[in-house]
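Read through the structure below, which is laid out as structure tokens, and then see the notes.
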Amino acid sequence: MFVSKLALCLFLLFKFAIGEDPYRFFDWTITYGKINPLGANQQGILINGQFPGPDIYSQTNDNLIINVHNNLPDPFLISWNGVQQRKDSWQDGVHGTNCPIPPGKNFTYHLHLKDQIGSFFYFPSLALHKAAGGFGGIRILSRPMIPVPFPDPAGDFTVLIGDWYKTNHKKLQARLDRGIRLPPPDGILINGRGPNGASFTVDQGKTYRLRISNVGLESSLNIRIEGHYMTLVEIEGTHTMQSIYDSLDVHLGQSLSVLITADQAVKDYYIAVSTRFQRQVLTTTAVLHYSSSKQPVSGLPPDGPMNIDYSLIQARSFMTNLSASGPRPNPQGSYHYGSITVTRTIRLANSAAIVNGKKRYAVNSVSFVDPDTPLKLADYYKINGVFNLGGITDYPTDAALHMDTPVMDSDHHAFVELVFENREYWVQSWHLDGYSMFVVGMDRGDWSTGNRTRYNLLDAVPRCTVQVYPQSWTAVYVALDNVGMWNLRSETWERRYLGQQFYLRVYNPVNSTRNELPMPGNALLCGRAAGKSTLI
């Protein structure tokens, strides 16, 4: 007995001495509930009774233990937009890597926020659940010992913006299943509320941080604050040069942080959000409320920009603050991505066609079909016939659109140039799980190798979600240093649901925990992997 107690004490002392990263525990129950964000009662997805879901407050290197109880009558998954799971795509929360949580069951995610800071969000990734809610903000703070390139703000607000439908999400899904496009959204929400439903209280003379994420389904959005300027300070985990803007475009799936100073006369001001690049412009408002104000908002909210060039010029102005510390106490600019030799160029073009009488979307002419077994499990157990490794080319072929379950293979530690080409008249938004991509260039017209001479090889901002303007291209650099099976998708949910996605397998033949963490013991098994052991 004495030996056992001594061993336990020594273990605890050792654990304390090595300074294991802190743990934060969350217990979430997912239910349907009544909501009415646009004035009409509808069914929403609630987390612990909340719409939107609760914010996750955390600090770099924290371990988040999130126990999700699915009390819906449907399978359910949550994904973590921009939170990079190093060596652990098992926690990604998309259908290609995880079995859905069955109704009445639970699953516990373990997210290690290894060397991450910044503003992100979570969302339900199956079907059209995102059209019913289930999303919320994630903020990852720097450790106290690491300097942040601006004074601590007086307050820190999550601002979730997104388009919204009054139609039940299952009816929207049934519409897509019939091959019919979604109609235009009915409105815009700010933190789950319609016009003037959300309010942010500030004290005159103080500065505040707003963490803004576009959690919508279909629309790029523009945000501006009546009478106030916004200073951009962070994009998806990177401190930026602190440029000042009177409005900012936030595309689908993107997040950023701004500082605003309450330096105007004491009254209430509009926060206006409107759709971009659409025939019908939708606008909604929230209220910036000065704490001692007796004067409510009045008149019309400020107008937003109208043309594409404004957005393109603005996007090119985003630059990394090379002198600021990141999650570690060293300058962000110490990673010289511009001097690394590109080992592979991948060009991706979106397209659409009617297949068997139904609308489908594709990447390089391949429209993704969800398999009966998550691709990660099929790869792990070497189950044949689930996906087509190499089933998507590195370049557009202009071949007829066809259906498949493609996986693009890639080598661990490759340094890749990804070029997104948009031949359509609508803005696109692309997301890569597990990674940040250095946005080195974007422009109108067709991409060619000559465009490389104009790439930003010094201070491009790395981000997980990039926009591609109509009839334009966007180029990014990616260091494939995160082994796993990762979803590369359109953030326009109609397009993703109807096939505009695929999976990128970053592969290392050496089976080592230095490359990839083992399958967690609580992993759900389904499809052709059902009944197998989690230990092989």
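Per mature numbering (1 follows the signal peptide of the UniProt record, and there is no 0), the sequence shown runs over residues -19 to -1, 1 to 517.
Using N, Cα and C, we set each Cβ at its ideal position, and we do this for glycine too.
For Ser39, the enclosing beta strand (DSSP E) covers residues 37 to 40. The DSSP-derived three-state label of Thr78 is coil. DSSP, read as helix, strand or coil, puts Trp61 in strand. For Ser100, the closest C-alpha among the options Gly480, Phe401, Arg425, Val140 is that of Val140. Non-local C-beta neighbours of Gln235 in its own chain, meaning closer than 6 Å and more than five positions away in sequence, comprise Asn195, Thr446, ordered along the chain. Counting every other CB atom within 10 Å of its CB across the protein chains shown gives Asp144 a total of 16 or more, marking it as buried. Less than 7 Å separates the beta-carbon of Val400 from that of Ala456.
Cβ neighbours of Asp424 within its own chain (closer than 8 Å, five residues either side excluded): Leu293, Asn432, Arg435, Ser453, Trp454. For Ala333, the pairing in a beta bridge is given by DSSP as Tyr342.
Residue state for Glu207 is assigned as coil, using DSSP reduced to three classes. Rounded to the nearest whole angstrom, the C-alpha separation of Ser238 and Leu213 is 6 Å. In the DSSP assignment, Ile121 falls within the unbroken beta strand (DSSP E) covering 117 to 122. Shortest Cα-Cα distance from Asn302 to any of Arg495, Ala510, His220 involves His220. Note on geometry: alpha-carbon atoms of Gly74 and Thr515 lie some 18 Å from one another.
Excluding residues up to 5 positions away in sequence, Leu237, Phe299, Val442, Arg444 lie with their Cβ nearer than 7 Å to the Cβ of Ile216 in the same chain. Going by DSSP, Trp9 is part of the beta strand (DSSP E) stretching over 4 to 16. If you draw a 10 Å sphere on the C-beta of His232, you find 16 or more other C-beta atoms in it, and that means buried. Here Phe32 really is in contact with Gly173; their C-beta atoms are around 5 Å apart, less than 8 Å. Counting along the chain, Leu153 sits inside the alpha helix (DSSP H) bounded by residues 150 to 158. With a minimum length of 3 residues, the unbroken runs of beta strand (DSSP E) contained wholly in the stretch 345 to 379 fall at 347 to 349. In the DSSP assignment, Trp428 falls outside any beta strand (DSSP E) and carries neither an H nor an E. CA-CA distance, Tyr450 to Tyr406, rounds to 8 Å. For Ser292, there is no enclosing beta strand (DSSP E); the residue is found in the alpha helix (DSSP H) stretching over 289 to 297. Lys275 is classed as exposed because its beta carbon has fewer than 16 other beta carbons within 10 Å across all chains shown. Nearest to Val268 by alpha-carbon distance, out of Asn52, Pro277, Ser493, is Pro277.
The shortest CA-to-CA distance from Tyr458 to any of Asn468, Asp360, Gly372, Val421 is the one to Val421. Exclusion of the five residues before and after Met384 leaves Ser348, Val350 as the residues of its chain whose Cβ lies within less than 6 Å of its Cβ.
For Gly415, the closest of Thr89, Ser60, Leu382, Ala21 by C-alpha to C-alpha distance is Ser60. Leu109 and Gln154 have their C-alpha atoms spaced approximately 6 Å apart. Around the beta-carbon of Leu281, fewer than 16 other beta-carbon atoms lie within 10 Å, marking it exposed. Sequence-distant partners of Thr354 (beyond 5 residues in either direction) whose C-beta falls short of 6 Å from its own C-beta, in its chain, are Val367, Gly508, Arg509, Ala510.
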